[in-house]
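Here the structure comes first, spelled out in structure tokens, and everything after it is commentary.
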Amino acid sequence: KNIIMIGPTGVGKTEIARRLARLAHAPFLKVEATKYTEVGYVGRDVESMIRDLTDLAVNMVKKEESEKVKNKAKERAEERLLDLLLPSPSRKERREIRGTGTNNAKVAHDQSIPLPGPSESTREKFRKMLREGKLDNRIIEIEVEEKNIPMVEIFSGAGVEEMDINIKDMLGSFFPKRSKRQKVTVKEAREILTLDETQKLIDMDKVTEMARMKVEQSGIVFIDELDKVAGKPSEHGPDVSREGVQRDILPIVEGTTVNTKYGMVKTDHILFIAAGAFHISKPSDLIPELQGRFPIRVELSSLGREEFIRILKEPQNALIKQYIALMATEGVTIHFEDEAVEEIAETAVLINDRMENIGARRLHTIMEKLLEEISFNAPDLKGQKITITRDYVKERLSHFIKDEDLSRYIL
């Protein structure tokens with residue numbers, strides 16, 4: 002069932018959808034409803050969100066497949082590197098080797114005689130040195146594929162997007178791929194050759210098919226700012242970026258087939274999550290048909306003091322942990338007292354109540370303002386330990402709370 006989330010900015014609507022996608026290992030795309038226009042007008046049409054989701058899924062599956070063949074690709078790249086470091090004898094040398102000896106005719110015609118190349122012991126010695134990184138700085142010459150000259154965008158995205166033709170790919174396929182010799186270090190060559198071998202080992206047809214299945218069965222599209230395209234019908238002609246967009250979203254949400262460069266993609270089982278603050282408009286301002294396509298309605302309330310304290314302390318990469326790690330790079334040790342964290346949360350709630358409520362995003366600007374002086378003087382404070390107390394927080398932020406005009410500068 003499709004979901005519509007209603008709640009003020011900064012309460013975690015997008016984060017909920019992103020976590021859901023991560024848990025389900027599903028392709029996830031976040032789009033803004035405001036950047037689309039009705040089909041036939043200049044701008045992106047809503048079908049492009051499915052194309053973007055498919056592109057994303059292809060990259061996701063390709064990455065997964067690359068991980069599976071990573072070790073094999075490294076082995077192949079290593080063999081190619083050893084071939085470059087220990088080149089086999091040239092054809093002329095081979096002829097000279099074959100032509101020496103007491104019975105020239107016999108040796109020349111006897112194909113069973115092995116030709117001397119780099120001995121196995123030498124190759125193994127080089128392999129060991131290569132793995133230990135002793136040859137990393139040696140310069141070698143390798144053949145790399147020449148990148149095509151970037152072409153100027155001739156067409157606007159509107160018409161071409163409908164046909165789903167990638168002009169660059171189309172023109173690029175007309176010209177044969179050329180390779181050039183390039184001098185690089187062994188370390189760089191290993192990366193280039195590993196990438197090249199990975200590409201050879203991946204079956205792109207299989208990747209495309211798996212990606213299409215992933216999109217159709219478990220794809221998630223998060224449509225943000227839906228409230229911005231809701232509103233009363235325009236009195237002056239067609240409203241192409243509001244009601245027109247809503248009408249175009251209808252068939253995609255209901256279930257249709259979209260043409261992409263990877264084939265036809267059905268949207269019947271894609272999960273659509275719409276979100277909006279709905280401050281000015283109401284969900285009932287959406288066209289009735291679209292309201293019916295989002296049967297689950299979730300209302301999120303504003304975050305308070307307790308939630309802010311948890312946001313500052315609990316997550317793996319909590320805001321306070323980030324600032325402690327940032328200052329540690331300058332050799333400054335920072336410690337936040339529990340009372341100081343509570344004061345930061347209370348200040349955020351107070352400014353949100355007095356000014357525009359921007360939710361948890363307020364914590365970023367408060368933390369930045371709080372540690373502004375320490376950040377600036379960090380190089381001179383190397384080796385010191387600083388404790389952030391409630392009094393320090395009050396001192397740094399008190400004048401912003403007292404003076405409402407000044408607090409407007411804390412975005």
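Each number in this note's numbering corresponds to the 1-based position in the sequence shown with 1 added.
Glycine residues also receive a C-beta, built at the ideal position from the N, C-alpha and C atoms.
Check, Outcome
"So for I5, helix, strand or coil by DSSP?", "strand"
"Let me know the secondary structure DSSP gives R397 once reduced to three states.", "helix"
"R132 and T261: beta carbons closer than 7 Å?", "no"
"Using alpha carbons as the reference points, say which of I335, R306, R355 and G332 lies closest to A455.", "The structure shown has nothing for residue 455, since the chain only spans 2 to 412."
"Nearest to R81 by CA position, among L196, Y393 and E347, is which residue?", "L196"
"For E146, count the other beta carbons within 10 Å of its own beta carbon; 16 or more makes it buried, fewer makes it exposed. Which is it?", "exposed"
"Grab me the residues of I5's own chain with a C-beta within less than 6 Å of its C-beta, minus the 5 sequence neighbours each way, in chain order.", "A275, F295 and R298"
"Of the residues V259, I345 and K215, which one's Cα is nearest the Cα of M61?", "K215"
"Where does T35 fall in DSSP's three states?", "helix"
"Take every Cβ of the stretch 185–199, pair it with every Cβ of the stretch 67–83, and state whether three or more of those distances are shorter than 8 Å.", "yes"
"Which residues in the same chain have their Cβ closer than 6 Å to the Cβ of K2, if we skip the five residues on either side of it in sequence?", "P296 and I297"
"The alpha helix (DSSP H) that contains D249, what's its start and end?", "E244 to E255"
"Could you check where the alpha helix (DSSP H) with F223 kicks off and where it finishes?", "Unbroken run through F223 is the beta strand (DSSP E), I221 to D225; no alpha helix (DSSP H)."
"Please report the Cβ distance between I140 and T186, rounded to the nearest whole angstrom; I am assuming they are in contact, meaning their Cβ atoms lie under 8 Å.", "6 Å"
"Name the two residues that bound the continuous alpha helix (DSSP H) containing I312.", "R306 to K314"
"Do you know offhand how far L251's Cα is from P316's?", "38 Å"
"For K267, report the span of its alpha helix (DSSP H) as first-last.", "Here K267 belongs to no alpha helix (DSSP H); instead the beta strand (DSSP E) covers G264 to K267."
"Looking only at its own chain, which residues have a Cβ that is under 7 Å from the Cβ of K31, when we skip the five neighbours before and after it?", "T15, F223 and D225"
"Smallest Cα separation from A278: which of A231, I253, L54 and R397?", "A231"
"Note down the Cα distance separating E68 from S219, rounded to an integer number of angstroms.", "21 Å"
"Could you tell me whether the Cβ atoms of G245 and E39 are closer together than 7 Å?", "yes"
"Please report the residue range of the beta strand (DSSP E) in which R182 lies.", "S180 to T186"
"Our contact map puts L364 next to A349 with C-beta atoms below 8 Å; I'd like the distance itself, whole angstroms only.", "5 Å"
"Any idea if G293 is buried or exposed, counting beta-carbon neighbours within 10 angstroms, 16 or more meaning buried?", "exposed"
"Can you give me the C-alpha to C-alpha distance between L272 and I221, rounded to a whole angstrom?", "5 Å"
"Specify the secondary structure class of N260 as computed by DSSP and reduced to three states.", "strand"
"Quick check on V333: does DSSP put it in helix, strand or coil?", "coil"
"Less than 8 Å between C-beta atoms, sequence neighbours within five positions excluded: which residues of the same chain meet that for S285?", "Q292"
"Does the beta-carbon distance from P28 to S303 come in below 7 Å?", "no"
"What's the C-alpha gap between E340 and E308?", "15 Å"
"Would you mind working out which of D249, V70 and M211 sits nearest E198, comparing C-alpha positions?", "V70"
"Could you check if T388 is buried or exposed, using at least 16 other CB atoms within 10 Å of its CB as the buried criterion?", "exposed"
"Note down, in chain order, each residue of its chain lying with its Cβ closer than 7 Å to the Cβ of E255, except the 5 sequence neighbours on either side.", "R294"
"Taking DSSP as the reference, what is the three-state secondary structure of G360?", "coil"
"List the residues that DSSP assigns as beta-bridge partners of E142.", "K184"
"Give the C-beta separation of I310 and I352 to the nearest angstrom, bearing in mind that I take them to be a contact with Cβ-Cβ under 8 Å.", "Rounded, the Cβ-Cβ distance is 16 Å, inconsistent with contact."
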